[in-house]
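Reading through the structure tokens given below for one structure.
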Amino acid sequence: MNLIDIRNLSIELQTSTQPILAVDRVNLTMKEGEVRGLVGESGSGKSLLAQAIVGVLDEKWKVDADRFHWRGNDLMRLTPEERKAIISKDVAMIFQEPMACLDPTTTIGEQLEEAVDVEQLTGFFWQKRQQRKLAAINLLHKVGIKQHEMCVKSFPHQLTDALCQRVMIAMALARRPMLLIADEPTAAMESTNQGQIFRLLASLNQLKNMSILLISHDLENVTHWTNAITVMYSGQFVEAGTTEQIFNQPYHPYTRALVDSSPKANRMIPNKSRLMTLPGSIPILQHLPIGCRLGPRCPRAQQKCVHAPKIKNFHGHQVSCHFPLKDSYS
Amino acid sequence: MSNVLLQVINLSKNYKDKNYWFNRKCVAALEPLSFDIMAHKTLAIVGETGSGKSTLAKLLVGAELPTTGHIRLNGQTLAPGDFKQRCQYIRMIFQDSGTTLNPSLTIEQLLDEPLRLNTDLDETERHQLIRDTLKKVGLLAEHMSFYPHMFSGGQKQRISLARAIILKPQVIILDEALASLDPSLRSQIINLLLDLQQQMGLAFILISHNLGIVRHFSDDMMVLCQGKVLEFGKTTDILQKPQHKYTKKLIMSQRFQLLHR
Numbered sequence: 020m021n022l023i024d025i026r027n028l029s030i031e032l033q034t035s036t037q038p039i040l041a042v043d044r045v046n047l048t049m050k051e052g053e054v055r056g057l058v059g060e061s062g063s064g065k066s067l068l069a070q071a072i073v074g075v076l077d078e079k080w081k082v083d084a085d086r087f088h089w090r091g092n093d094l095m096r097l098t099p100e101e102r103k104a105i106i107s108k109d110v111a112m113i114f115q116e117p118m119a120c121l122d123p124t125t126t127i128g129e130q131l132e133e134a135v136d137v138e139q140l141t142g143f144f145w146q147k148r149q150q151r152k153l154a155a156i157n158l159l160h161k162v163g164i165k166q167h168e169m170c171v172k173s174f175p176h177q178l179t180d181a182l183c184q185r186v187m188i189a190m191a192l193a194r195r196p197m198l199l200i201a202d203e204p205t206a207a208m209e210s211t212n213q214g215q216i217f218r219l220l221a222s223l224n225q226l227k228n229m230s231i232l233l234i235s236h237d238l239e240n241v242t243h244w245t246n247a248i249t250v251m252y253s254g255q256f257v258e259a260g261t262t263e264q265i266f267n268q269p270y271h272p273y274t275r276a277l278v279d280s281s282p283k284a285n286r287m288i289p290n291k292s293r294l295m296t297l298p299g300s301i302p303i304l305q306h307l308p309i310g311c312r313l314g315p316r317c318p319r320a321q322q323k324c325v326h327a328p329k330i331k332n333f334h335g336h337q338v339s340c341h342f343p344l345k346d347s348y349s
Numbered sequence: 042m043s044n045v046l047l048q049v050i051n052l053s054k055n056y057k058d059k060n061y062w063f064n065r066k067c068v069a070a071l072e073p074l075s076f077d078i079m080a081h082k083t084l085a086i087v088g089e090t091g092s093g094k095s096t097l098a099k100l101l102v103g104a105e106l107p108t109t110g111h112i113r114l115n116g117q118t119l120a121p122g123d124f125k126q127r128c129q130y131i132r133m134i135f136q137d138s139g140t141t142l143n144p145s146l147t148i149e150q151l152l153d154e155p156l157r158l159n160t161d162l163d164e165t166e167r168h169q170l171i172r173d174t175l176k177k178v179g180l181l182a183e184h185m186s187f188y189p190h191m192f193s194g195g196q197k198q199r200i201s202l203a204r205a206i207i208l209k210p211q212v213i214i215l216d217e218a219l220a221s222l223d224p225s226l227r228s229q230i231i232n233l234l235l236d237l238q239q240q241m242g243l244a245f246i247l248i249s250h251n252l253g254i255v256r257h258f259s260d261d262m263m264v265l266c267q268g269k270v271l272e273f274g275k276t277t278d279i280l281q282k283p284q285h286k287y288t289k290k291l292i293m294s295q296r297f298q299l300l301h302r
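Going down the list, the sequences are from chains C and D.
Residue numbers for the first sequence follow this note's numbering, so the first one is 20 and each next one is one higher.
Residue numbers for the second sequence follow this note's numbering, so the first one is 42 and each next one is one higher.
This is the structure:
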């Protein structure tokens, strides 16, 4: 069964003049135990999508979807309270810049104890305090922090970035979620620390069968850790498929450009040669092009591209383009 | 072969801990190191946080005074306090281009400032130079009257690049200047930097922790760890046959990601 199944999700920003379509008909499906990467450059609406799943967008944003299923339940039909009950039980989220997300005025221990689920504690009320402490320490052990005494007593600013991110993951694990949404968990982190965090997430995925939605702006950073990847551009769905499909045979010109533009991915190119790029820059929300939003930058754009393309499916490899690069590989 | 452009001899930096009156503690941020850079070449400096990368950059631009050693530009020793010469020939670009541009000045005023301080061109000449420089980094002359907040991240980085090259420098220091950009913009900027290097004969000092960019962009490479130079040599040699354990670890931590693909 699909863990999450979203079809044609649109998110609109209500402004005083006219509504702006920030996310335009995006599809996302996740199976249980899957690690899915959600890749897009800044302003592509990937964080908005994550926030819409968790349901933390305020009234300015209008969320609309043809289908929004969580394990078979249609979330769009539920009342906000019911929805909140389901989501807070099963979904957890971690953010970039962990140090800024933790409360700077309380110790790590207190913050962790606050996150511990009350329903998991058994015993009389005088035992609960002790149990809470133990549960917090257990959580720290789960994310691979061995010196728990040091850690629970310290404040966020006394720990390193990677340790703070581990603490964030520990908090996310407190309710034993089925889906962990990691919104750029390693942005602005050293490469050695990045590896640590990704390894931790991968082991959680394998040991606890927890699904992970890994949001990143860099395709090459996530390819090693994901089973499947969804690519977005400027609020539109671009391409989805397994990691091999996306990385070795991208069908969409944008994905092709992303893969080609990273100097690490194509090691064949000679030193100091020009990298392949798309001309221009990412459109801002106030001036979005009509039809396919990649249109003005796309090397293969034709007249047809002023109409938004329908999603084509080639054996599970979905692509949203009038002229996919499928034929160029055979 | 072109001659040595920038020569660094025995440069080191110690920070004194001022809390102790007697028994002063000394922290060696950078141990003595020497290197040369030719024109048209790029030196990459790699290391973790606290390895002294940024200290080295600060010493080169003159924001900090070195404890020992000296820097020679074209065979001429740069005096520690002589900013006039340094500003002309050694320029720096920072990581976060958004916060390094003064939000209350237009682009023309921003680019005018280094010209007024360092050259004796009159107003029309300065105007023309700004126009040419903006064109060189791929912006339009109309952008002169814009304010920094009207630009996207990639364009802001282009403006800081324009500010760096407007004085026709010989060395540009890129302190993580490419890290915060989106991939497609990053490759645009890399192409632009390579073009400028070709045209103007610039030498770059690239401080980065993305080894993919380092491999593509640089000729020589220096690995720093806690202020010590662990390895120094040709980039291709070091990345193919790392000698030190630390370098191997650094390479492994990035290379495993694409091992199977």
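We put the beta carbon where it would ideally sit given N, CA and C, even for glycine.
As the structure is a computational prediction, the values presented were derived from the model and not from experiment.
Check for me: the beta strand (DSSP E) holding residue 66 of chain D runs from which residue to which? By 1-based counting over the second sequence, the position of residue 66 of chain D is 25. It spans 66–79 - the beta strand (DSSP E) in which residue 66 of chain D sits, taken as one unbroken run.
Less than 8 angstroms between C-beta atoms, sequence neighbours within five positions excluded: which residues of the same chain meet that for residue 122 of chain C? Counted from its first residue, the first sequence places residue 122 of chain C at position 103. For residue 122 of chain C, where only same-chain residues beyond five positions count, the Cβ hits under 8 angstroms are 130 and 175.
Tell me whether the beta-carbon of residue 195 of chain D lies closer than 9 angstroms to the beta-carbon of residue 230 of chain D. Counting from 1 along the second sequence, the entry for residue 195 of chain D is found at position 154. Counting from 1 along the second sequence, the entry for residue 230 of chain D is found at position 189. Cβ atoms of residue 195 of chain D and residue 230 of chain D: closer than 9 angstroms.
Going by DSSP, name the residue or residues bridged to residue 89 of chain C. Residue mapping note: residue 89 of chain C aligns to position 70 of the first sequence, counting from 1. Bridge partners of residue 89 of chain C: C/23 and C/92.
Using DSSP with H/G/I as helix, E/B as strand and the rest coil, what is residue 144 of chain C? Working through the first sequence from its first residue, we reach residue 144 of chain C at position 125. Here residue 144 of chain C sits in helix by DSSP.
Classify residue 217 of chain D as buried or exposed, calling it buried when 16 or more other Cβ atoms lie within 10 Å of its own Cβ. Looking up residue 217 of chain D in the second sequence gives position 176. The residue is buried, with at least 16 neighbouring Cβ atoms inside 10 Å.
Residue 233 of chain C at chain D interface by Cβ criterion, 9 angstroms: Within the first sequence, numbered from 1, the residue matching residue 233 of chain C stands at position 214. Output row for residue 233 of chain C: interface = no.
Could you tell me whether the stretch 27–36 of chain C touches the stretch 80–90 of chain C, using the rule of 3 or more Cβ pairs below 8 angstroms? yes
Option in C/305, C/336, C/329 and C/343 with minimal Cα separation from residue 35 of chain C: Counting from one through the first sequence, the residue named residue 35 of chain C turns up at place 16. Of the candidates C/305, C/336, C/329 and C/343, the one whose C-alpha sits nearest the C-alpha of residue 35 of chain C is C/305.
Can you tell me which of the three DSSP states residue 108 of chain D falls into? In the second sequence, the residue the question calls residue 108 of chain D occupies position 67. Three-state result, residue 108 of chain D: coil.
Quick check on residue 225 of chain C: buried or exposed, where buried means 16 or more other Cβ atoms within 10 Å of its Cβ? Working through the first sequence from its first residue, we reach residue 225 of chain C at position 206. With fewer than 16 other Cβ atoms within 10 Å, it is exposed.
Just to confirm, are residue 265 of chain C and residue 188 of chain C a CB contact at a threshold of 9 angstroms? Indexing the first sequence from 1 puts residue 265 of chain C at position 246. Indexing the first sequence from 1 puts residue 188 of chain C at position 169. Taking 9 angstroms as the Cβ cut-off, residue 265 of chain C and residue 188 of chain C do not qualify as a contacting pair.
Quick one: which chain D residues come within Cβ less than 9 angstroms of residue 209 of chain C? The residue you call residue 209 of chain C lines up with position 190 of the first sequence. In chain order: 89, 90, 250 and 294.
Would you kindly report the start and end of the unbroken alpha helix (DSSP H) that includes residue 278 of chain C? Taking the first sequence and counting its residues from 1, the one referred to as residue 278 of chain C is at position 259. First-last of the alpha helix (DSSP H) with residue 278 of chain C: 272–280.
Pairwise C-alpha distance: residue 198 of chain D and residue 173 of chain D: Within the second sequence, the letter at position 132 stands for residue 173 of chain D. Within the second sequence, the letter at position 157 stands for residue 198 of chain D. In a straight line, the C-alpha of residue 173 of chain D is about 17 angstroms away from that of residue 198 of chain D.
Given that residue 259 of chain C touches chain D, what residues does it touch there, using C-beta distances under 9 angstroms? The residue labelled residue 259 of chain C in the question sits at position 240 within the first sequence. None at all; the shortest Cβ gap to chain D is about 18 angstroms.
Classify residue 333 of chain C as buried or exposed, calling it buried when 16 or more other Cβ atoms lie within 10 Å of its own Cβ. As a first step, residue 333 of chain C must be located in the first sequence, where it is residue number 314. Classification of residue 333 of chain C: exposed, given that the 10 Å Cβ count is below 16.
State buried or exposed for residue 92 of chain C, treating a residue as buried only when at least 16 other CB atoms are found within 10 Å of its CB. On the first sequence, position 73 is the one that residue 92 of chain C refers to. Classification of residue 92 of chain C: exposed, given that the 10 Å Cβ count is below 16.
Contact with chain D by residue 249 of chain C, beta-carbon distance below 9 angstroms: Numbered from its first residue, the first sequence carries residue 249 of chain C at position 230. No, because no Cβ of chain D sits closer than 9 angstroms to the Cβ of residue 249 of chain C.
Report the neighbours of residue 198 of chain D on chain C: residues whose CB is nearer than 9 angstroms to its CB, in chain order. What you label residue 198 of chain D is simply residue 157 of the second sequence in a count that begins at 1. Per Cβ cutoff of 9 angstroms: no residues; residue 198 of chain D is ~11 angstroms from chain C at best.
Using the rule of at least 16 other Cβ atoms within 10 Å of the residue's Cβ for burial, across every protein chain shown, is residue 181 of chain D buried or exposed? If you number the second sequence from 1, residue 181 of chain D lands on position 140. Exposed: under 16 other Cβ atoms inside 10 Å.
Relative to the C-alpha of residue 309 of chain C, which residue among C/105, C/214, C/324 and C/22 is closest? Translated into positions along the first sequence, residue 309 of chain C becomes position 290. Ranking C/105, C/214, C/324 and C/22 by Cα distance to residue 309 of chain C puts C/324 first.
Taking residue 275 of chain D as the reference, give the member of D/232, D/225, D/293 and D/83 with the closest Cα. Position 234 of the second sequence, counted from the first residue, corresponds to residue 275 of chain D. Nearest C-alpha to residue 275 of chain D: D/83.
By a C-beta neighbour count over all protein chains shown, 10 Å radius and 16 as the cutoff for buried, is residue 89 of chain C buried or exposed? On the first sequence, residue 89 of chain C is found 70 positions in, with the first residue counted as 1. Residue 89 of chain C comes out buried.
List the residues of chain E that residue 276 of chain C touches, going by C-beta distances under 7 angstroms, in chain order. Protein chains C and D are contained in the structure displayed, whereas chain E is not.
Inter-residue spacing [alpha-carbon to alpha-carbon] between residue 285 of chain D and residue 104 of chain C: As a first step, residue 285 of chain D is located in the second sequence; it is residue number 244 there, counting from the start. As a first step, residue 104 of chain C is located in the first sequence; it is residue number 85 there, counting from the start. Approximately 53 angstroms between the Cα atoms of the pair.
Sub-9 angstroms separation of residue 211 of chain C and residue 291 of chain D beta-carbons: Locating residue 211 of chain C in the first sequence gives position 192, where the first residue counts as 1. Locating residue 291 of chain D in the second sequence gives position 250, where the first residue counts as 1. Going by C-beta atoms, residue 211 of chain C is nearer than 9 angstroms to residue 291 of chain D.
Residue 62 of chain C: CB within 8 angstroms of a non-hydrogen atom of the ligand PLP: In the structure shown, the ligand PLP is absent, as is every other ligand, since no ligand is present at all.
Under 8 angstroms by Cβ, that's how I've got residue 111 of chain C and residue 191 of chain C pegged, so tell me the actual separation to the nearest angstrom. Taking the first residue of the first sequence as position 1, residue 111 of chain C is located at position 92. Taking the first residue of the first sequence as position 1, residue 191 of chain C is located at position 172. That pair is a contact at about 4 angstroms.
So with Cβ pairs under 9 angstroms, would you call residue 94 of chain C a contact of chain D? As a position in the first sequence, residue 94 of chain C is number 75, starting the count at 1. No, its Cβ sits nowhere closer than 9 angstroms to a Cβ of chain D.
Does residue 317 of chain C pass the burial test, meaning 16 or more other C-beta atoms within 10 Å, or should it be called exposed? One-based indexing of the first sequence puts residue 317 of chain C at position 298. By the neighbour-count rule (16 or more Cβ atoms within 10 Å), residue 317 of chain C is buried.
Can you tell me where the alpha helix (DSSP H) with residue 272 of chain D in it begins and where it stops? If you number the second sequence from 1, residue 272 of chain D lands on position 231. It is not in any alpha helix (DSSP H) - residue 272 of chain D instead sits in the beta strand (DSSP E) that spans 269–275.
DSSP puts residue 211 of chain C in a beta bridge; with which residues? In the first sequence, the residue the question calls residue 211 of chain C occupies position 192. Answer is none; residue 211 of chain C lacks a bridge partner.
How many Å lie between residue 141 of chain D and residue 134 of chain D at the Cα? One-based indexing of the second sequence puts residue 141 of chain D at position 100. One-based indexing of the second sequence puts residue 134 of chain D at position 93. Distance between the alpha carbons of residue 141 of chain D and residue 134 of chain D: 9 angstroms.
Taking only beta-carbon atoms, is residue 215 of chain D less than 9 angstroms away from chain C? As a working mapping, residue 215 of chain D is identified with position 174 in the second sequence. So no, residue 215 of chain D is outside the interface.
Which stretch, first to last residue, makes up the alpha helix (DSSP H) that contains residue 252 of chain D? Counting from one through the second sequence, the residue named residue 252 of chain D turns up at place 211. 252–258 is the extent of the alpha helix (DSSP H) around residue 252 of chain D.
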